[in-house]
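Q:
Following this line, the structure appears as structure tokens:
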């Protein structure tokens, strides 16, 4: 009986990992298929550009991963990115603040904004969709109160960061922003796997009632994941502002949907409790691969990116549904 229970436990673990492995397999197959049509796709610099051009999205998706794993959603991240680019541009161009002083303040502001939304969600038991939608409108509205025009960034330090490239020898070059995104990802993976906070996030997403009965800090965990998401969105805004050397209220429109799509394609279950933070990287690279293939083709509209992403989301939602049903039947057998 004990051996049978162990076998079922192992099966459930593999079932939980199925969407993540399917995402990795799809990324590899998609890359090889694209390379068969466009051999230049496998050039090391082209592959590095998938990360370089989407470093800001990866950081935002990492924060979104924690929110989704906890059973929530955050629709405000795109607006926070835009607001951060505006504050970054205004801070260095008009207030003449040093980026070394301004950037930490922006990160703290983003984390505080996210924590405030998390507190409202927990204390008043309002659905995260409504609260973060209000956050979306608030942050985007603040952008236009600051300026309706695009603000160019000419600060010497930020310009140097934007143009900086670090050599990887024969592999090509990488930017500081991409390295920063990878560092954030590595730290997030360690937090999710090896800390009480990470375990509490999965427990909260799996079943809040059970998490309470186990004595886990539900309130602190919920507020923490939204603070983390807000901080990551602010950091993503800093990277995006440096990448584009501008601040603009229209930046990052729809970015929140791209981040959610990346997390889901990376294998996370939208209802929470199942997935891996590392899957955010797979999802972001998948989105970057789609954009690159359309660019290589040169005849397709950029709207095909949305069409393909929609098809992939449908595929992974279907796979997750099958996994949930299979999980339920396996649990009843045990």
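In my numbering, the protein residues as written are 1035 to 1368.
Even glycine gets a Cβ: it sits at the ideal position worked out from N, Cα and C.
#1: Contact between the region 1199–1215 and the region 1282–1296 is defined here as three or more beta-carbon pairs at a separation below 8 Å; is this criterion met?
#2: Let me know the alpha helix (DSSP H) ranges lying completely inside the region 1156–1211, each 4 residues or longer, listed in chain order.
#3: Where does the unbroken alpha helix (DSSP H) through residue 1277 begin, and where does it stop?
#4: So what's residue 1288 in DSSP terms, helix, strand or just coil?
#5: Alpha carbon to alpha carbon, what distance is there between residue 1064 and residue 1171?
#6: So is residue 1348 buried or exposed if we call it buried at 16+ other beta carbons inside 10 Å?
#7: Express the C-alpha separation of residue 1345 and residue 1261 in angstroms, rounding to a whole number.
#8: Check each candidate in 1328, 1335, 1336, 1303 and name the one with the smallest Cα separation from residue 1051.
#9: Taking the alpha-carbon positions, what's the residue 1281 to residue 1146 distance?
#10: With distances taken between CB atoms, is the gap from residue 1220 to residue 1089 smaller than 7 Å?
#11: My assumption, with CB atoms under 8 Å, is that residue 1330 sits in contact with residue 1075. Please give the rounded CB distance.
#12: Using DSSP bridges, identify the partner residues of residue 1281.
#13: Which class does residue 1248 belong to by DSSP, given the choice of helix, strand or coil?
#14: When we look at the beta-carbon of residue 1352 and count the other beta-carbons within 10 Å, is it buried (16 or more) or exposed?
#15: Suppose you measure from the CA of residue 1350 to the CA of residue 1328; what does that come to, to the nearest Å?
#16: Could you check the C-alpha separation between residue 1141 and residue 1274 for me, to the nearest Å?
#17: By alpha-carbon positions, which one of 1189, 1223, 1117, 1127 ends up nearest to residue 1268?
#18: Would residue 1333 be called buried (16 or more neighbouring beta carbons within 10 Å of its own) or exposed?
#19: Along the alpha helix (DSSP H) that carries residue 1126, what are the first and last residues, could you check?
#20: What's the call for residue 1255, buried or exposed, on a 16-neighbour Cβ count within 10 Å?
#21: Could you tell me if residue 1123 is buried or exposed, where buried requires 16 or more neighbouring beta carbons within 10 angstroms of its beta carbon?
#22: Quick check: the Cα distance between residue 1251 and residue 1305, rounded to an integer number of angstroms?
#23: Would you decide whether residue 1100 is buried or exposed? Buried here means 16 or more other CB atoms lie within 10 Å of its CB.
#24: Whose C-alpha, out of 1322, 1225, 1186, 1130, is nearest the C-alpha of residue 1259?
#25: How long is the line joining the alpha carbons of residue 1300 and residue 1231, rounded to whole angstroms?
#26: Checking 7 Å against the spacing of the C-beta atoms, do residue 1215 and residue 1093 come in under that value?
#27: Helix, strand or coil for residue 1099 per DSSP?
#28: Would you identify the three-state DSSP class for residue 1331, choosing helix, strand or coil?
#29: Looking at residue 1290 and residue 1091, is the spacing between their C-beta atoms short of 7 Å?
#30: If you compare alpha carbons, which of 1197, 1340, 1107, 1130 is closest to residue 1239?
A: Based on what the coordinates show:
#1: Contact between the region 1199–1215 and the region 1282–1296 is absent, because fewer than three Cβ pairs lie under 8 Å.
#2: For the region 1156–1211, whole alpha helix (DSSP H) runs of length 4 or above, ordered along the chain, are 1162–1180, 1190–1197.
#3: Locating residue 1277 in the chain shown gives position 243, where the first residue counts as 1. Residue range 1252–1278 is occupied by the alpha helix (DSSP H) that includes residue 1277.
#4: Here the question's residue 1288 lines up with position 254 in the chain shown. Coil, per DSSP.
#5: The residue you call residue 1171 lines up with position 137 of the chain shown. The residue you call residue 1064 lines up with position 30 of the chain shown. Spanning the two alpha carbons is a distance of roughly 36 Å.
#6: Position 314 of the chain shown, counting from 1, holds the residue named residue 1348. Exposed, by the Cβ-count rule.
#7: Locating residue 1261 in the chain shown gives position 227, counting from the first residue. Locating residue 1345 in the chain shown gives position 311, counting from the first residue. When rounded, the distance between both Cα atoms is 31 Å.
#8: Working through the chain shown from its first residue, we reach residue 1051 at position 17. It is 1303.
#9: Your numbering for residue 1281 matches position 247 in the chain shown. Your numbering for residue 1146 matches position 112 in the chain shown. Approximately 21 Å, taken between the alpha carbons.
#10: The residue given as residue 1220 occupies position 186 in the chain shown. The residue given as residue 1089 occupies position 55 in the chain shown. For residue 1220 and residue 1089, no; Cβs fall outside 7 Å.
#11: Here residue 1330 refers to the residue found at position 296 of the chain shown. Here residue 1075 refers to the residue found at position 41 of the chain shown. Residue 1330 to residue 1075, Cβ: 7 Å. Contact.
#12: Counted from its first residue, the chain shown places residue 1281 at position 247. In the DSSP output, where bridge partners are listed per residue, residue 1281 has 1185.
#13: Sequence index remark: in the chain shown, residue 1248 carries index 214 (1-based). Residue 1248 sits in coil when the DSSP states are folded into three classes, being neither helix nor strand.
#14: Mapped onto the chain shown, residue 1352 falls at position 318. Result: exposed.
#15: As a position in the chain shown, residue 1350 is number 316, starting the count at 1. As a position in the chain shown, residue 1328 is number 294, starting the count at 1. Cα atoms of residue 1350 and residue 1328: separation of roughly 22 Å, rounded to the nearest angstrom.
#16: Within the chain shown, residue 1141 is the residue found at index 107, counting from 1. Within the chain shown, residue 1274 is the residue found at index 240, counting from 1. Taking the straight line from one Cα to the other gives about 14 Å.
#17: For the purposes of this step, residue 1268 is taken as the residue at position 234 of the chain shown. Closest in alpha carbon position to residue 1268, among 1189, 1223, 1117, 1127, is 1117.
#18: Working through the chain shown from its first residue, we reach residue 1333 at position 299. The Cβ neighbour count for residue 1333, taken over all protein chains shown within 10 Å, is under 16; the residue is labelled exposed.
#19: To locate residue 1126, count along the chain shown from 1; it is residue 92. 1111–1127 is the span of the alpha helix (DSSP H), which, as asked, contains residue 1126.
#20: On the chain shown, residue 1255 is found 221 positions in, with the first residue counted as 1. Classification for residue 1255: buried.
#21: Reading the chain shown from its first residue, position 89 is the one you call residue 1123. Answer is buried; the Cβ neighbour count reaches 16.
#22: Against the chain shown, residue 1251 aligns to sequence position 217. Against the chain shown, residue 1305 aligns to sequence position 271. Each residue's alpha carbon lies about 20 Å from the other.
#23: Stepping through the chain shown from its first residue, residue 1100 is reached at position 66. Only buried fits residue 1100, as 16 or more other CB atoms lie within 10 angstroms of its CB.
#24: Your numbering for residue 1259 matches position 225 in the chain shown. Cα-wise, what sits closest to residue 1259 is 1225.
#25: Counting from one through the chain shown, the residue named residue 1300 turns up at place 266. Counting from one through the chain shown, the residue named residue 1231 turns up at place 197. Cα-Cα distance, rounded: 21 Å.
#26: Taking the first residue of the chain shown as position 1, residue 1215 is located at position 181. Taking the first residue of the chain shown as position 1, residue 1093 is located at position 59. Yes, the pair counts as a contact, with Cβ atoms nearer than the cut-off.
#27: Position 65 of the chain shown, counted from the first residue, corresponds to residue 1099. DSSP places residue 1099 in helix when its eight states are reduced to three.
#28: Position 297 of the chain shown, counted from the start, is the residue given in the question as residue 1331. Residue 1331 falls in the helix class under three-state DSSP.
#29: In the chain shown, residue 1091 corresponds to position 57, counting from 1. In the chain shown, residue 1290 corresponds to position 256, counting from 1. Against a cut-off of 7 Å, the Cβ pair of residue 1290 and residue 1091 comes out as no contact.
#30: Here the question's residue 1239 lines up with position 205 in the chain shown. Considering only alpha carbons, the answer is 1107.
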